[in-house]
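J.:
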Amino acid sequence: MKILISADMEGATGVTWPADVLPGTPQWERCRSMFTSDVDAAVRGFFEAGADEVLINEAHWTMRNLLLEKLDERAEMITGRHKSLSMVEGIQHGDVDGVAYIGYHTGAGSEGVLAHTYLANSLTGVWADGVRAGEGCLNTLVATEFGVPVILVTGDDRTVEDAKGYAPEALGVAVKDHVSRYAAVCRPPARTAADIREAARRAAPLAVRRTPPEPEPHTVEIEFDAEHLVGAATVVPGVERTGERRVAYTAPSAYETIRCFKAVTTVVSAAVEEQYG
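To convert a position in the sequence shown, counted from 1, into my numbering, add 4.
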């Protein structure tokens, strides 16, 4: 049994504020330990349930946040940026039996702690095949295409609820309860680690790789907070304006869908000015 952990930070224990997740700040340094604790708890739970391998893919910002030296020695980790599948790198090789989303959050325009989709701001909504989609939903399109079930999701309570829409069989652990985008009722890491570890043990039997289905096309629509970002986004081939602040594209597979989305957000982020967006 091989488990892939896609590890994001906004949904980690104790995280509520932008400085908590911005590399280089004192708060980020403090929250890295709690983020690592969440991930390590999942690793230990999966191994206790019989996993042979657990591969962690860092998925937040610079993708250099987790403290490798504090992880269970049996784990392995992909760290660093510029990967073919970004947040779910490693899922494409045909040897992953289940994927866990640790530290996830809700999507742009949704209620949730530090809610966003890829970019901290600029995107106000993303829809995949007509359904509002955050990072969890988009990544699950890819996981499904490679025959890998989502077995565990952790984050705030809104994230756990959202996951029922794209991964109804997955277990969920809420490490905090949403109060506002920048506030939450948080539980201490000793408590959340125990909850995540137990959930990982119970989720492990769900890690049963399936025969990958034939790739199918997906349509993604993106709404921005400023009109000029539409012009930036449509530089990407296949992306077309659908409204004053909206673009859309159709890709032939989930693999190409997520890669095009990454291209759009990369181009758009370069078009955002510091003061006016």
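Beta carbons are placed, not taken as given, at the ideal position from N, Cα and C, and that holds for glycine.
In this text, all values refer to a predicted model and were calculated from it rather than measured experimentally.
Have a look at 143, 63, 125, 150 and flag the residue whose alpha-carbon is nearest the alpha-carbon of residue 278.
T.: Residue 278 sits at position 274 when you count from the first residue of the sequence shown. Minimum Cα distance to residue 278 is reached at 125.
J.: Determine the contact status of residue 80 and residue 87, defining contact as a CB-CB distance below 8 angstroms.
T.: Within the sequence shown, residue 80 is the residue found at index 76, counting from 1. Within the sequence shown, residue 87 is the residue found at index 83, counting from 1. No, the pair does not count as a contact, with Cβ atoms beyond the cut-off.
J.: Could you round the C-beta distance between residue 70 and residue 51 to whole angstroms and report it? I think they count as a contact, below 8 angstroms.
T.: Locating residue 70 in the sequence shown gives position 66, where the first residue counts as 1. Locating residue 51 in the sequence shown gives position 47, where the first residue counts as 1. Their Cβ separation, rounded to whole angstroms, is 17 angstroms, which puts residue 70 and residue 51 out of contact at 8 angstroms.
J.: Might you give, ordered along the chain, the residues of its own chain that have their beta carbon closer than 8 angstroms to the beta carbon of residue 178, omitting 5 neighbours on each side?
T.: Counted from its first residue, the sequence shown places residue 178 at position 174. The answer, listed in chain order, is 158, 159, 160, 161, 163, 164.
J.: Let me know the secondary structure DSSP gives residue 228 once reduced to three states.
T.: As a first step, residue 228 is located in the sequence shown; it is residue number 224 there, counting from the start. It is a strand residue.
J.: Rounded to a whole number of angstroms, what is the C-alpha to C-alpha distance between residue 115 and residue 249?
T.: What you label residue 115 is simply residue 111 of the sequence shown in a count that begins at 1. What you label residue 249 is simply residue 245 of the sequence shown in a count that begins at 1. When rounded, the distance between both Cα atoms is 21 angstroms.
J.: Taking the CB atoms as reference points, tell me whether residue 8 and residue 106 lie closer together than 8 angstroms.
T.: To locate residue 8, count along the sequence shown from 1; it is residue 4. To locate residue 106, count along the sequence shown from 1; it is residue 102. For residue 8 and residue 106, no; Cβs fall outside 8 angstroms.
J.: Looking at the structure shown, is residue 245 part of a helix, part of a strand, or coil, going by DSSP?
T.: Looking up residue 245 in the sequence shown gives position 241. If DSSP states are grouped into helix, strand and coil, residue 245 belongs with the strands.
J.: Helix, strand or coil, according to DSSP, for residue 165 in the structure here?
T.: Stepping through the sequence shown from its first residue, residue 165 is reached at position 161. If DSSP states are grouped into helix, strand and coil, residue 165 belongs with the helices.
J.: Just checking my contact of residue 265 with residue 142 at CB under 8 angstroms: how many whole Å lie between their CB atoms?
T.: For the purposes of this step, residue 265 is taken as residue 261 along the sequence shown, with counting starting at 1. For the purposes of this step, residue 142 is taken as residue 138 along the sequence shown, with counting starting at 1. Confirmed, about 6 angstroms.
J.: Just list the alpha helix (DSSP H) runs in the region 81-169, keeping only unbroken ones of 4 residues or longer that don't cross its boundaries, in chain order.
T.: Runs of the alpha helix (DSSP H) inside the region 81-169: 139-149.
J.: In terms of DSSP beta bridges, what is residue 180 paired with?
T.: Position 176 of the sequence shown holds residue 180. Bridge partners of residue 180: 160, 190.
J.: What does DSSP give as the partner residues of residue 253 in its beta bridges?
T.: Against the sequence shown, residue 253 aligns to sequence position 249. 224, per the DSSP bridge assignment.
J.: Count the CB pairs spanning the region 192-211 and the region 49-66 that are closer than 8 angstroms, and state whether there are at least three.
T.: As far as the Cβ criterion goes, the region 192-211 touches the region 49-66, which means the pair count is three or higher.
J.: Alpha carbon to alpha carbon, how far is residue 112 from residue 156?
T.: Position 108 of the sequence shown, counting from 1, holds the residue named residue 112. Position 152 of the sequence shown, counting from 1, holds the residue named residue 156. Rounded to whole angstroms, residue 112 to residue 156 spans 21 angstroms at the Cα level.
J.: What does the alpha-carbon distance come out to for the pair residue 109 and residue 150?
T.: The residue labelled residue 109 in the question sits at position 105 within the sequence shown. The residue labelled residue 150 in the question sits at position 146 within the sequence shown. C-alpha separation (whole angstroms): 23 angstroms.
J.: If you scan the region 8-91 from start to end, which runs of the beta strand (DSSP E) of 3 or more residues do you find wholly inside it?
T.: For the region 8-91, whole beta strand (DSSP E) runs of length 3 or above, ordered along the chain, are 57-62, 80-82.
J.: Suppose you measure from the CA of residue 284 to the CA of residue 221; what does that come to, to the nearest Å?
T.: This structure cannot speak to residue 284, because the chain is shown only from 5 to 281.
J.: Taking all protein chains shown into account, decide if residue 135 is buried (16 or more other Cβ within 10 angstroms of its Cβ) or exposed.
T.: Within the sequence shown, the letter at position 131 stands for residue 135. Looking at its Cβ environment, which holds fewer than 16 other Cβ atoms inside 10 Å, residue 135 is exposed.
J.: Does the count of Cβ pairs from the region 16-31 and the region 182-199 closer than 8 angstroms reach three?
T.: With the cut-off at 8 angstroms, the region 16-31 and the region 182-199 touch.
J.: Look at residue 236 and residue 146 and say whether their C-beta atoms are less than 8 angstroms apart.
T.: Residue 236 sits at position 232 when you count from the first residue of the sequence shown. Residue 146 sits at position 142 when you count from the first residue of the sequence shown. Taking 8 angstroms as the Cβ cut-off, residue 236 and residue 146 do not qualify as a contacting pair.
J.: Can you check which of these residues, 172, 214, 138, 212, is closest to residue 1 by C-alpha distance?
T.: The structure shown does not extend to residue 1, since the chain is modelled only from 5 to 281, so the question has no answer here.
J.: Could you check the C-alpha separation between residue 120 and residue 272 for me, to the nearest Å?
T.: If you number the sequence shown from 1, residue 120 lands on position 116. If you number the sequence shown from 1, residue 272 lands on position 268. Going by the C-alpha atoms only, they are around 15 angstroms apart.
J.: Hey, would you say residue 154 sits closer than 8 angstroms to residue 103, going by beta carbons?
T.: For the purposes of this step, residue 154 is taken as the residue at position 150 of the sequence shown. For the purposes of this step, residue 103 is taken as the residue at position 99 of the sequence shown. Against a cut-off of 8 angstroms, the Cβ pair of residue 103 and residue 154 comes out as a contact.
J.: Take the Cβ of residue 17 as the centre, count every other Cβ of all protein chains shown within 10 Å, and call the residue buried at 16 or more, exposed below.
T.: As a position in the sequence shown, residue 17 is number 13, starting the count at 1. By the 10 Å Cβ count, residue 17 comes out buried.
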